[in-house]
Every structure is written in structure tokens, then in C-alpha cells.
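First the structure, in the form of C-alpha cells, and then the observations on it.
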Amino acid sequence: MGWLELIQKAKWLLDLGALLMEVAHDLAIEDGIDPAEFDRKVKDAEIDRAGSIDEALQRLRARLAKA
Amino acid sequence: MIAWLTAHWGTIALVLGVLISLLNAATTHWSEHTGLVKWLLYIADALSIIRSKGTSGSVLGNAKLPLVPTGSTGIVDGKHLAWLLLPALLLSGCCSTARCYLARGLVAVQACDKIAVPAIEKSCESAVDACPKGTAPEKCPGYVDCAKRFSAYKASMDVIGRELGAANKALHDVGVK
Chain A
3 MGWLELIQKA KWLLDLGALL MEVAHDLAIE DGIDPAEFDR KVKDAEIDRA GSIDEALQRL
63 RARLAKA
Chain B
30 MIAWLTAHWG TIALVLGVLI SLLNAATTHW SEHTGLVKWL LYIADALSII RSKGTSGSVL
90 GNAKLPLVPT GSTGIVDGKH LAWLLLPALL LSGCCSTARC YLARGLVAVQ ACDKIAVPAI
150 EKSCESAVDA CPKGTAPEKC PGYVDCAKRF SAYKASMDVI GRELGAANKA LHDVGVK
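As you go down the protein sequences, you meet chains A and B in turn.
Heads up: the first sequence begins at 3 in the working numbering, then just goes up one per residue.
Heads up: the second sequence begins at 30 in the working numbering, then just goes up one per residue.
Structural data, given as C-alpha cells:
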């Protein structure tokens, strides 16, 4: 394992830590969410999901063009 | 029993950490195995602070970060380990209301996106690399397969989110908090 891989793994750990902190913060919910607010969150999640998938497919297409 | 576990969780974690590390150091790399053994050794490798037998290299090569499995060959990416941590987070605190669990479920769905999308992309890279340079995406079987996997993932998670929303509304309408 070289320096690059070590740095990549350290970054992976930091990313994971940040994600878990974010999830832990969001999970500090004690009550239910109002249905309208819940629907808005579901829609936001769907838009974010579509966006991140689209970006991932774009990166794969760029990789294919350069492969 | 639960009170004892709660009072001694630090000692338990330390003992388990040492045992898992020793197990990992004494066994061959997880990628050399198949089936359940592969998965168990993968988890042990991820949780170990010592590299598994037969994978040593330079001094730097012996460095081992916890929660990051060693080796790049195999069926899994390191980020899959985070899947194991999500249920633990979900169970880390009890809700005071029933609909709170639905709200936490939605948080878990959103967290899954941040883990699963990059993991699927990572697993697709080698399939895309197998196609000749300049191939049209729709003519590259690896790319087409990945697009289908993304599509299936999105459809599944969209349905889960909407069902959580529907359950939340139904419980709200009958007065459940």
C-alpha cells in the first residue's frame, strides 16, 4: 500500500465519519414529522437521488470515452 | 444483563477488538476465501487494526486503518461496511413516538443513497473499462448493466420513501403521534 492508497483510505474514513455524524444528528428526532413535511423530504430525497445517479452515470460515460 | 453490558461496553469492545485483530492476523486474506467465510473474514479484516496473514509488504504497507478492509479484489467495497453501522445508529436511541421511527427510517434511506450510489459506481468502473475506447455507452454491456442497476436502485428507494410517507400520513390521520 503506497502513500496514495493510504491517503485515499484516510479520506474514506473521514467521509464515512462525516456521513455518520450527519446521520446521527438527523436521527436525533424524537417526534413524528408532519405529513406535508414528510412528503417534501421524500421528494427532496428523490431529486437528490436522481441527481447523484445522473452524475455517476456521466462520470462512467466520460470514463468510457477515455478508456 | 443489559445493565451489565451497558456498564462494561468499553471493556467488551476492547476485548473484541483485540480478539478480532488476532484472528485477522492469524488467518489468510478474505479474498482467498468464498461464501460465508469470505464475508466473516471481510468483517474481521475491516474491524482489525492488524493486517491479515500473507498481505504484508513495506513498512508503510503494513499500516492498517480500522474499518477499511485490506485488498482490492473481491465482491465488496469498503463502503459496504457502513451498511452494518446504520442499523446500530437506528437502534442507538428509542423514539418517544411511533411516527418517529418512520422519520428515522427516512433518514436511513437518505444515508443509504450516500453509500450505495458511490458503491455501485465504483463496482461499475471495471465493467466500463472492459469496453473499447470510444464505444457508445448504449453499446457497452457493462455500462448498460450499470444503468439498469442504478435504475432498479432508484425505483426501489423511491418506493420505500413513498411508503414511509404513506404510513406516516395514515398514522397521523388516525391520531397516532
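We put the beta carbon where it would ideally sit given N, CA and C, even for glycine.
query                                                                                                                                                                             : result
Who does lysine 82(B) pair with in a DSSP beta bridge?                                                                                                                            : Thr57(B)
Can you grab the Cα-Cα spacing for the pair lysine 13(A) / glutamate 7(A), in whole Å?                                                                                            : 10 Å
So the alpha helix (DSSP H) isoleucine 49(A) belongs to, where does it begin and stop?                                                                                            : 37-68
Would the beta-carbon of cysteine 169(B) fall within 8 Å of that of cysteine 160(B)?                                                                                              : yes
With H, G and I counted as helix, E and B as strand and the rest as coil, what does DSSP make of methionine 186(B)?                                                               : helix
If you pair each beta-carbon of the stretch 60-69 of chain A with each one of the stretch 42-58 of chain B, do three or more pairs fall below 8 Å?                                : no
So what's histidine 37(B) in DSSP terms, helix, strand or just coil?                                                                                                              : coil
DSSP on lysine 162(B), reduced to helix/strand/coil?                                                                                                                              : coil
Examine chain B for any beta-carbon lying closer than 8 Å to the beta-carbon of leucine 16(A), and answer yes or no.                                                              : no
My guess is that alanine 128(A) and glycine 190(B) are in contact by the Cβ rule of under 8 Å, so how many angstroms apart are they, rounded?                                     : Past the edges of chain A, shown from 3 to 69, lies residue 128(A), and the structure says nothing about it.
Please check if any C-beta of chain A sits within less than 8 Å of the C-beta of threonine 57(B).                                                                                 : no
List the endpoints of the continuous alpha helix (DSSP H) containing glycine 64(B).                                                                                               : 64-76
Shorter than 8 Å from the beta carbon of leucine 49(A) to some beta carbon of chain B?                                                                                            : Here the sequence assigns isoleucine to residue 49(A), which means leucine is not the residue at that position. Not closer than 8 Å to any Cβ of chain B, the Cβ of isoleucine 49(A) fails to qualify, so no.
What's the gap between the Cα of lysine 67(B) and the Cα of serine 60(B)?                                                                                                         : 7 Å
Within the same chain, show all residues whose beta-carbon is closer than 8 Å to that of valine 138(B), passing over the 5 residues directly before and after it, in chain order. : Met186, Ile189, Gly190 and Leu193
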